[in-house]
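Chains as they are written, first to last, in the working numbering: chain A, 1 to 352; chain B, 1001 to 1352. Backbone N, C-alpha and C define an ideal beta-carbon position, used for all residues, glycine too. Remember, predicted model here, so these are calculated numbers, not experimental data. Contents: one structure, followed by commentary.
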């Protein structure tokens, strides 16, 4: 257990914890008393068919989806019961930093997260079908996994800026993010007392995000204001670097390892076409046009393998970090337009 | 002086050295007995108007241009006198590793390289005009600098996959390349005895190149064979990593620092439009379509400020590393087509 006040109710709440008990992992071993942190919005209706699951992205928490949710939005809590669920390792759910042995946390996979979320959804709430699963980035990986693993349960799905099977390019990118941390002598094979001992590595980690997380055009047009700052220096040293420096290095590494290996074809002995062919949900695949590591063409190649799907490209000069919603209405109105249309499709449109 | 057999006549020759004497630098200080390494192909004609200057890219040497030069090519040594000149810091010309104080090498700028090359061209060969300056990547930066600084001397110019003014995104990318090296305790502020002491940092440096140097589609289509290897692992651990691990860390840092600050508007008090407006050469601006850090749109924005210029996009799934010419005829035929057309333009087409 490493003390890190970043991961607190104050910063990321309100959220609740659900104890899954001893949770068996795909790669072997288990997490004793594995806890999922989640935030809910709205009420579950009597027929229990208005639930929406929203899984989190790399380094993000349920709090990050607050701008996606609201009365005027597609994710409308007066209509839907929205459950934003924190992935294992993100610092709110059971994670290296809050486990008894932070440097020896077991490998967790996207499939583990989705099974854990299924347990929460079914045990705690008695939900048997989901109106929608929607998530961005690693949230998209989990969305795909939900749709493939539980095809009868997921009525609609919208992976934003992410893939069903992680690409080799993306694996290498994630590797550089990990190396930025593990190359810091302060990381010490995960045996540090405080994340501040890994400040240099976390800073380099942020610097790589600065290159790949945005777009070349974001920099050409000097769009720092989308992140509430006035200069490039503030964007890097006042926003990105301190953001990642608050986080726990082992948490980031656990999520990165999982991200690298996201692959729904693990459900079908490596056959991606078969895995994606299993999806029954009506699905909108929503890549971001300027994304440097989940480019639309990679997402489109997968979309074409999904029976009842459409490609809906989101436009954001902020590239992958468009998902932070810094563009406000410009971004969220696009998301809402597509999600409203998706939510309006009849369950009868589902592949039977 | 650090012993490094990578930088040898055997590996990169034949090349010759020209001693510039004490060479004054733009940022102050000087390099005593500064030497430029260069390779020539063909013969200088009597009117001395058939010379072509080809400056090198980051980490590259004059040897890398061998595939660009030949009887069947635009850079035809039976017609032209081609001088491939190694940039200062690249390991063949005067560089940190072959200087008396490797960890204390002065800052060198693109403008210094071009002034040094001018001295070589005029003093050694008595050349007063250049039929063409062509170079890729940092070679393009030098090409732009040549055209802006010596507009009357440069008749034609072709910057391939590079910019006149380095972008902020590119600066940040280069920063991650540098941090990969400087974060290695073996680098020790430049005070190492052998590049092997910085093997980890050089490996991480290569890993970042793997992400940004190619394209997402290169990985999707598994195009390793373009680099003569059969698998992804061979591409990374058998090609990219050992390539950079042979190099000198301080050399790479000197070039990276220079690359970050490439900017022809230093000639015009920061006014890029004025600087590019000075160009008299007929110029073909030749970005690579899949380049992740010198994207065509960045190059096109500059091209539009250049009086007698055209945008000629080169297609390569290898992205920036297309310049290695791994695609053989597919790549070189494109380059030749454009360069042949450019070389066929009359000097009368030059802006007067």
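For residue i, does the three-state DSSP call read helix, strand or coil?
| i | result |
| --- | --- |
| residue 1134 (chain B) | strand |
| residue 1140 (chain B) | helix |
| residue 1286 (chain B) | strand |
| residue 1125 (chain B) | helix |
| residue 276 (chain A) | helix |
| residue 1017 (chain B) | strand |
| residue 1344 (chain B) | helix |
| residue 2 (chain A) | coil |
| residue 156 (chain A) | strand |
| residue 1263 (chain B) | strand |
| residue 1092 (chain B) | coil |
| residue 317 (chain A) | coil |
| residue 1258 (chain B) | helix |
| residue 225 (chain A) | helix |
| residue 350 (chain A) | coil |
| residue 304 (chain A) | coil |
| residue 1175 (chain B) | helix |
| residue 1165 (chain B) | strand |
| residue 1111 (chain B) | helix |
| residue 1063 (chain B) | helix |
| residue 230 (chain A) | coil |
| residue 1188 (chain B) | helix |
| residue 1193 (chain B) | coil |
On the premise that residue j lies in contact with residue i, defined as a C-beta separation below 8 Å, what is that separation, rounded to the nearest angstrom?
| i | j | result |
| --- | --- | --- |
| residue 1090 (chain B) | residue 1246 (chain B) | About 13 Å; that fails the 8 Å criterion. |
| residue 1130 (chain B) | residue 1053 (chain B) | 6 Å |
| residue 1327 (chain B) | residue 1316 (chain B) | 6 Å |
| residue 1166 (chain B) | residue 1262 (chain B) | 5 Å |
| residue 1281 (chain B) | residue 1134 (chain B) | Between residue 1134 (chain B) and residue 1281 (chain B) the Cβ distance is about 11 Å, and since that is not below 8 Å, they are no contact. |
| residue 1335 (chain B) | residue 1074 (chain B) | 7 Å |
| residue 168 (chain A) | residue 1232 (chain B) | 6 Å |
| residue 1004 (chain B) | residue 1097 (chain B) | 5 Å |
| residue 286 (chain A) | residue 338 (chain A) | 6 Å |
| residue 195 (chain A) | residue 152 (chain A) | That pair is no contact at about 42 Å. |
| residue 44 (chain A) | residue 51 (chain A) | 6 Å |
| residue 105 (chain A) | residue 340 (chain A) | The Cβ separation is near 39 Å, so there is no contact. |
When you compare the CB positions of residue i and residue j, do they come within less than 8 Å of one another, or not?
| i | j | result |
| --- | --- | --- |
| residue 208 (chain A) | residue 1176 (chain B) | yes |
| residue 1314 (chain B) | residue 1279 (chain B) | no |
| residue 289 (chain A) | residue 320 (chain A) | no |
| residue 92 (chain A) | residue 12 (chain A) | yes |
| residue 94 (chain A) | residue 31 (chain A) | yes |
| residue 85 (chain A) | residue 99 (chain A) | no |
| residue 260 (chain A) | residue 171 (chain A) | yes |
| residue 113 (chain A) | residue 55 (chain A) | yes |
| residue 1224 (chain B) | residue 1234 (chain B) | yes |
| residue 221 (chain A) | residue 2 (chain A) | no |
| residue 103 (chain A) | residue 190 (chain A) | yes |
| residue 1048 (chain B) | residue 1124 (chain B) | no |
| residue 183 (chain A) | residue 1039 (chain B) | no |
| residue 357 (chain A) | residue 265 (chain A) | Here chain A has residues from 1 to 352 only, and residue 357 (chain A) is not among them. |
Out of the options, state which residue places its alpha-carbon closest to the alpha-carbon of residue i.
| i | options | result |
| --- | --- | --- |
| residue 111 (chain A) | A:272, A:148, A:84 | A:148 |
| residue 1068 (chain B) | B:1343, B:1329, B:1282, B:1184 | B:1329 |
| residue 199 (chain A) | A:114, A:142, A:240 | A:240 |
| residue 121 (chain A) | A:283, A:17, A:333, A:169 | A:17 |
| residue 126 (chain A) | A:81, A:140, A:269 | A:81 |
| residue 28 (chain A) | A:340, A:337, A:108, A:135 | A:108 |
| residue 64 (chain A) | A:137, A:2, A:97 | A:137 |
| residue 76 (chain A) | A:132, A:124, A:47, A:116 | A:132 |
| residue 1302 (chain B) | B:1238, B:1009, B:1144 | B:1144 |
| residue 157 (chain A) | A:43, A:312, A:322, A:103 | A:312 |
| residue 1219 (chain B) | B:1036, B:1104, B:1318 | B:1318 |
| residue 1210 (chain B) | B:1160, B:1298, B:1293, B:1035 | B:1293 |
| residue 1034 (chain B) | B:1183, B:1345, B:1025 | B:1025 |
| residue 238 (chain A) | A:83, A:203, A:267, A:215 | A:203 |
| residue 1161 (chain B) | B:1072, B:1014, B:1213, B:1251 | B:1213 |
Give me the DSSP bridge partner(s) of residue i.
| i | result |
| --- | --- |
| residue 1211 (chain B) | Bridge partners of residue 1211 (chain B): none, in fact. |
| residue 310 (chain A) | A:284 |
| residue 1030 (chain B) | B:1024 |
| residue 1084 (chain B) | B:1039, B:1054 |
| residue 335 (chain A) | Its beta-bridge partners do not exist; DSSP assigns none. |
| residue 69 (chain A) | A:75 |
| residue 203 (chain A) | Answer is none; residue 203 (chain A) lacks a bridge partner. |
Going by the C-beta, is residue i closer than 7 Å to any heavy atom of the ligand FMN?
| i | result |
| --- | --- |
| residue 1244 (chain B) | As presented, the structure is devoid of all ligands, the ligand FMN included, so that no description of it is given. |
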